[in-house]
Amino acid sequence: SQQGEEDPQALSIQEGENATMNCSYKTSINNLQWYRQNSGRGLVHLILIRSNEREKHSGRLRVTLDTSKKSSSLLITASRAADTASYFCATGGGETSGSRLTFGEGTQLTVNP
Amino acid sequence: KAGVTQTPRYLIKTRGQQVTLSCSPISGHRSVSWYQQTPGQGLQFLFEYFSETQRNKGNFPGRFSGRQFSNSRSEMNVSTLELGDSALYLCASSFEGQGYEQYFGPGTRLTVT
Numbered sequence: 414s415q416q417g418e419e420d421p422q423a424l425s426i427q428e429g430e431n432a433t434m435n436c437s438y439k440t441s442i443n444n445l446q447w448y449r450q451n452s453g454r455g456l457v458h459l460i461l462i463r464s465n466e467r468e469k470h471s472g473r474l475r476v477t478l479d480t481s482k483k484s485s486s487l488l489i490t491a492s493r494a495a496d497t498a499s500y501f502c503a504t505g506g507g508e509t510s511g512s513r514l515t516f517g518e519g520t521q522l523t524v525n526p
Numbered sequence: 842k843a844g845v846t847q848t849p850r851y852l853i854k855t856r857g858q859q860v861t862l863s864c865s866p867i868s869g870h871r872s873v874s875w876y877q878q879t880p881g882q883g884l885q886f887l888f889e890y891f892s893e894t895q896r897n898k899g900n901f902p903g904r905f906s907g908r909q910f911s912n913s914r915s916e917m918n919v920s921t922l923e924l925g926d927s928a929l930y931l932c933a934s935s936f937e938g939q940g941y942e943q944y945f946g947p948g949t950r951l952t953v954t
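Going line by line, the protein sequences match chains E and S.
Position in the first sequence (first residue = 1) + 413 = our numbering.
Position in the second sequence (first residue = 1) + 841 = our numbering.
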């Protein structure tokens with residue numbers, strides 16, 4: 414079963430615009446990660462944010478984490494056609510989940526040239 | 842470093858048969874996890890191996906099994922295949938597992954007819 418939900422399920426924007434995806438989760442976590450998946454292929458790790466961090470940046474990516482609301486957001490700035498992919502949040506750690514990652518349902522991002 | 846490799850990439854099997862999938866982690870990584878991805882259930886955790894021991898297990902029937910060798914390479918086996926086992930099977934490796942980002946292979950696309 415999925416730990417969390419991602420919002421929106423699908424997002425279509427123009428090149429150069431910013432894309433924001435949200436993720437909610439249910440249980441306590443040690444960290445939250447974001448992954449990208451191009452159609453039918455493996456997942457690519459984007460960024461990991463630990464439960465004691467509130468914001469993290471990596472290139473054009475910005476991730477925020479609000480543990481009080483059990484939510485996270487991924488912002489991609491100045492999007493490119495190559496950013497077209499599915500984006501998943503995944504929670505890991507915590508008292509019971511150990512090393513397993515629990516994924517959200519994903520957001521399908523389409524960036525139009 | 843070479844990435845995570847999975848073999849075979851594509852596989853077609855008949856219901857009732859068994860199948861073995863292989864995963865070679867990134868050099869130095871000791872944790873290997875397996876995930877099943879289907880359109881209906883999304884990404885679901887199968888199990889994790891660390892230093893040849895199963896450290897974590899998801900909610901899959903006993904037909905799904907795995908093992909890890911001393912060189913950290915891992916195999917998963919599915920016996921008595923069912924149509925519902927058709928999925929993308931993803932392997933991920935990480936340095937320690939818990940709290941670390943995971944690096945995914947390209948996946949094995951299994952089709953059961």
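Glycine residues also receive a C-beta, built at the ideal position from the N, C-alpha and C atoms.
request  = Could you check how far apart the C-beta atoms of Leu445(E) and Ala432(E) are, in whole angstroms? I think they sit under 8 Å.
outcome  = Actually they are not in contact, since the Cβ atoms of Leu445(E) and Ala432(E) sit about 18 Å apart, beyond 8 Å.
ask   = When burial is assigned at 16 or more other CB atoms within 10 Å of the CB, is Ser414(E) buried or exposed?
value = With a pLDDT of only 38 at Ser414(E), under 50, the local geometry of the prediction cannot be trusted, and the value read off the model is given with reservation. Ser414(E) sits exposed, since fewer than 16 C-beta atoms from the chains shown fall within 10 Å of its C-beta.
ask   = Apart from the five residues on each side of it in sequence, which residues of its chain come closer than 6 Å, Cβ to Cβ, to Ser920(S)?
value = Gln859, Arg904
ask   = Since Val845(S) and Tyr944(S) are thought to touch, with beta carbons under 8 Å apart, how far apart are those beta carbons, to the nearest angstrom?
value = 5 Å
ask   = Candidates Leu922(S), Ser927(S), Ser913(S): which alpha carbon is nearest Ser868(S)'s?
value = Ser913(S)
key: Beta-bridge partners of Gly907(S), as assigned by DSSP   = Met917(S)
task = Select from Arg454(E), Ser485(E), Val524(E) the residue whose C-alpha is nearest the C-alpha of Lys469(E).
result = Nearest option by C-alpha distance: Ser485(E).
message = Does any residue of chain S have a CB that is nearer than 7 Å to the CB of Arg467(E)?
response = no
message = By the DSSP assignment, the beta strand (DSSP E) with Arg454(E) in it spans what residues?
response = Taken as a continuous stretch (DSSP letters only), Arg454(E) belongs to no beta strand (DSSP E), as it is neither H nor E.
ask   = In this structure, does DSSP put Gly925(S) in helix, strand or coil?
value = helix
ask   = In or out: Glu937(S) buried (at least 16 other Cβ within 10 Å) or exposed?
value = exposed
For Gln878(S), the first and last residue of its enclosing beta strand (DSSP E) = 872-879
query = Of the choices Ser452(E), Ala495(E), Trp447(E), whose alpha-carbon is the least far from that of Arg463(E)?
reply = Comparing Cα positions, the closest option is Trp447(E).
task = Look up Ala495(E) in the DSSP assignment and say whether it is helix, strand or coil.
result = helix
inquiry  = I'd like to confirm the pairing. Which residues does DSSP put opposite Tyr930(S) in its beta bridges?
reply    = Paired residues: Gln877(S), Thr949(S).
ask   = Which residue's Cα is closest to the Cα of Leu983(S): Ala843(S), Arg856(S), Tyr890(S), Gly881(S)?
value = Chain S is shown only over 842 to 954; residue 983(S) falls outside these bounds and no answer can be derived.
query = What in chain S is Cβ-close to Gly455(E), meaning under 7 Å?
reply = Leu931, Phe945, Gly946, Pro947, Gly948
query = Which partner residues does Ile853(S) have in the DSSP bridge list?
reply = Answer is Thr952(S).
request  = Kindly indicate the opening and closing residues of the beta strand (DSSP E) around Gly883(S).
outcome  = 883-891
ask   = Going along chain E, which residues have a C-beta under 8 Å from Glu942(S)?
value = Gln446, His458, Leu461
key: Neighbour-count burial assignment, Tyr851(S), 16 or more Cβ in a 10 Å radius   = exposed
key: Cα-Cα separation, Gln521(E) to Gly881(S)   = Approximately 15 Å, taken between the alpha carbons.
Candidates Ser911(S), Leu922(S), Gln895(S), His870(S): closest to Tyr941(S) by CA position = His870(S)
inquiry  = Here's the rule I'm using: 16 or more other beta-carbon atoms within 10 Å means buried, otherwise exposed. How should Phe528(E) be labelled?
reply    = Chain E is shown from 414 up to 526; residue 528(E) falls before or after that span and cannot be answered.
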